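Residue numbering for the sequence shown follows the numbering used here, beginning at 37 and increasing consecutively.
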Amino acid sequence: MTTTTTTTTTPVRVRPTLSELLERFAPVLDRIAAGAVERERTRTLPHEPVRWLADSGFTAVTLPVEAGGSGAAPSDLFALLVRLGEADSNLPQLLRAHFSFVEELLLDPSVVRRAHWFDRIAAGDVFGNASHERSSAAVGRLSTHLVPNGDGWRLHGEKHYSTGTLFADWTTVTAETPDGHVVGVTVPVDASGVHVRDDWNGFGQRLTGSGTTRFDGVPVELWQLRAERDDRRTPLPAFLQTVLLASLAGVGRATARDAVAFVRGRTRHYQHGAGPTAATDPLVQGVVGRIASDAVAAEALVLHAARAIGEAHEALADGTADAAELVAAAELRTIQVQQNVVELVLRATTALFEVGGASATDRDRALDRHWRNARTLSSHNPLVFQQRIIGDHLVNGAELQYFWATGEA
37 MTTTTTTTTT
47 PVRVRPTLSE
57 LLERFAPVLD
67 RIAAGAVERE
77 RTRTLPHEPV
87 RWLADSGFTA
97 VTLPVEAGGS
107 GAAPSDLFAL
117 LVRLGEADSN
127 LPQLLRAHFS
137 FVEELLLDPS
147 VVRRAHWFDR
157 IAAGDVFGNA
167 SHERSSAAVG
177 RLSTHLVPNG
187 DGWRLHGEKH
197 YSTGTLFADW
207 TTVTAETPDG
217 HVVGVTVPVD
227 ASGVHVRDDW
237 NGFGQRLTGS
247 GTTRFDGVPV
257 ELWQLRAERD
267 DRRTPLPAFL
277 QTVLLASLAG
287 VGRATARDAV
297 AFVRGRTRHY
307 QHGAGPTAAT
317 DPLVQGVVGR
327 IASDAVAAEA
337 LVLHAARAIG
347 EAHEALADGT
357 ADAAELVAAA
367 ELRTIQVQQN
377 VVELVLRATT
387 ALFEVGGASA
397 TDRDRALDRH
407 WRNARTLSSH
417 NPLVFQQRII
427 GDHLVNGAEL
437 QYFWATGEA
């Protein structure tokens with residue numbers, strides 16, 4: 037007698053390809069791009085676009101499929117952020133804390149209530165940032181602090197550059213414990229004692245909500261705390277920097293797009309031009325070609341760094357022996373790439389004004405936003421310090437910097 041055994045197999049979950057992701061999110065990216073100039077002209081904060089992204093699943097794109105996300109690779113996330121930056125460069129930056137929070141959860145299974153955080157992200161919750169201060173605290177110290185309160189704590193302090201919190205459901209705050217340790221505290225933005233102000237006054241990235249958040253005795257429970265840093269190196273610092281670089285590369289793409297559109301639609305030209313119209317003038321064509329080439333190069337460099345981050349991420353997740361080496365390689369690759377992405381995009385956004393006369397400065401066109409946004413993004417983690425770190429590391433074997441701290445001397 038022959039018996040038949042039925043074997044059930046668990047279906048293999050396949051990651052979506054980048055092409056599939058781009059096709060899926062194209063409608064929401066197009067919708068965001070369509071309103072970008074008007075939002076810039078009227079300084080309309082992008083509350084609606086953030087919600088569109090959350091509702092479309094964009095903010096959960098790197099969550100595992102079984103946790104309610106798309107299971108996208110880290111490298112594909114950065115390609116998506118470049119396209120989001122092309123649509124509106126404010127949005128990748130204001131979601132920087134959100135995606136870094138997700139990345140931290142993915143890399144650390146020991147996080148308290150990790151599944152709870154996954155559920156919130158899959159449901160569309162957005163996470164902001166409140167880390168840096170304008171206080172008199174010394175470098176590496178914080179004025180924001182926790183005070184014991186029964187079985188929990190109360191959070192007190194004020195943060196500036198709290199990018200994204202204005203649009204978020206939760207914000208992650210760096211604070212000192214009574215014994216001087218720095219921890220991350222994740223609190224609801226609508227909690228009692230949280231006050232978010234729209235007072236960001238930079239000339240670029242004006243819609244990121246990078247203003248002040250104050251915490252007046254906000255109640256905090258144990259599950260809302262996690263160690264800010266430990267001895268284990270991760271690609272998170274490189275991840276944070278590359279979000280800014282992806283925003284820059286998006287500015288480059290938008291600059292190339294707008295240069296082409298401006299020249300195509302231009303009917304007036306100069307008597308001493310090299311052609312009868314701007315579109316047929318080889319000098320103007322050359323400028324457009326140079327802008328487009330700089331944009332392509334910037335994006336390629338960002339994706340090059342993203343691949344290194346992805347390799348480090350996978351090595352840590354799999355527990356492979358070379359994980360530490362890949363993390364260091366990703367950090368070095370990212371700050372090396374930063375040097376050139378900044379120069380390429382700033383050059384492209386300046387050259388944009390060579391394709392036309394004074395009409396290119398018309399405020400209704402808002403072409404100046406590209407340079408202003410690029411210059412503002414480029415001011416994060418200034419190049420002069422990164423260049424020295426690269427040189428000291430290569431020549432003398434000095435440790436890479438990884439996380440940055442600011443404060444009074």
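Even glycine gets a Cβ: it sits at the ideal position worked out from N, Cα and C.
Here the structure is a predicted model, which is why all the values come from computation and not from measurement.
For residue i, count neighbouring Cβ atoms within 10 angstroms of its own Cβ and tell me buried if that reaches 16, exposed if not.
i, result
"Asp226", "exposed"
"Arg456", "Lying before the first or after the last residue shown, residue 456 is absent from the chain, which here runs from 37 to 445."
"Ser228", "exposed"
"Arg408", "buried"
"Ser55", "exposed"
"Trp259", "exposed"
"His492", "Nothing about residue 492 can be read from this structure; the chain reaches only from 37 to 445."
"Asn165", "buried"
"Arg399", "exposed"
"Leu280", "buried"
"Val381", "buried"
"Gly346", "buried"
"Asp66", "exposed"
"Ala285", "buried"
"Leu362", "buried"
"Val431", "exposed"
"Thr208", "buried"
"Ser146", "exposed"
"Gly427", "exposed"
"Thr53", "exposed"
"Phe421", "exposed"
"Gly240", "buried"
"Gly325", "exposed"
"Asp354", "exposed"
"Glu102", "exposed"
By Cβ distance below 8 Å, which residues in the same chain neighbour residue i in space, the five residues on each side in sequence not counted?
i, result
"His429", "Leu368, Glu435, Leu436"
"Val323", "Ala295, Ala387, Glu390, Val391"
"Leu272", "Ser136, Glu139, Glu140, Leu143"
"Thr40", "Confidence at Thr40 is low in this model, with a pLDDT of 48, below 50, so its placement is unreliable and the value that follows should be read with caution. Counting only Cβ-Cβ distances below 8 Å, and skipping sequence neighbours, we find nothing."
"Arg77", "Arg399, Asp400, Ala402"
"Ala425", "With the sequence shown as reference, residue 425 is identified as Ile, and Ala is not the correct amino acid for it. Excluding residues within five positions, the ones whose Cβ falls inside 8 Å are Ile371, Ala434, Leu436, Gln437."
In chain order, what residues of the same chain have a beta carbon less than 6 Å from the beta carbon of residue i, not counting five sequence neighbours either side?
i, result
"Phe389", "Ala396"
"Trp236", "Ser246, Gly247"
"Thr385", "Thr291, His406, Trp407, Ala410"
"Thr356", "none"
"Thr43", "In this predicted model, Thr43 has a pLDDT of only 47, less than 50, meaning its place in the structure is not dependable; the value taken from the coordinates is given anyway. Nothing listed; no residue qualifies."
"Ser92", "Val64"
"Pro110", "Ile345, Gly346, His349"
"Arg60", "none"
"Ala94", "One detail in the question is off: residue 94 reads as Phe in this sequence, not Ala. Excluding residues within five positions, the ones whose Cβ falls inside 6 Å are Phe61."
"Glu122", "Gly286, Arg289, Ala290"
"Gln277", "Thr370"
State the beta-bridge partners of residue i as determined by DSSP.
i, result
"His231", "Arg250"
"Glu212", "His181, Val218"
"Thr207", "Gly164, Val223"
"Val256", "Trp189"
"Arg262", "Gly220"
By Cβ distance, which residues of its chain are closer than 7 Å to residue i, with the 5 residues on each side in sequence left out?
i, result
"Trp440", "Asn417"
"Ala360", "Arg269"
"Pro184", "Pro214"
"Phe275", "Ser136, Glu139, Ile345"
"Pro47", "In this prediction, Pro47 scores a pLDDT of 46, lower than 50, which makes its location untrustworthy; no coordinate-derived value is stated."
"Ile327", "Thr291, Ala292, Ala295, Ala384, Ala387, Leu388"
Under 6 Å from any heavy atom of the ligand ZN, does the C-beta of residue i make it?
i, result
"Leu380", "Among the components modelled here there is no ligand, and therefore nothing to report on the ligand ZN."
Compare the C-beta of residue i with all C-beta atoms of chain B and state if any pair is closer than 7 Å.
i, result
"Gly433", "Of the protein chains in the structure, only one exists, and it is not chain B."
TODO: May I ask you to verify whether the region 189-206 touches the region 123-138, counting CB pairs closer than 8 Å and requiring at least 3?
DONE: yes
Task: Ordered list of alpha helix (DSSP H) runs contained in the region 297-371, each at least 4 residues - done: As far as the region 297-371 is concerned, its whole alpha helix (DSSP H) runs of at least 4 residues are 318-354.
Task: Stretch-stretch touch, CB-based, cutoff 8 Å, three pairs: the region 109-118 with the region 157-177 - done: no
Task: Length-filtered (4 minimum) alpha helix (DSSP H) runs lying within the region 122-197 - done: Runs of the alpha helix (DSSP H) inside the region 122-197: 126-130, 132-143, 150-158.
Task: Any 3 or more C-beta pairs closer than 8 Å across the region 293-310 and the region 364-383 - done: For the pair of segments examined, the region 293-310 was found not to touch the region 364-383: the number of CB pairs separated by less than 8 Å stays below three.
TODO: State whether the region 251-258 contacts the region 189-198, with contact taken as three or more CB pairs (one from each stretch) at a distance under 8 Å.
DONE: yes
TODO: Only counting runs of 4 or more residues, tell me where the alpha helix (DSSP H) segments fall wholly within the region 64-111, in order along the chain.
DONE: 72-78, 83-92
Task: Given 8 Å, three or more beta-carbon pairs between the region 339-349 and the region 305-319 - done: no
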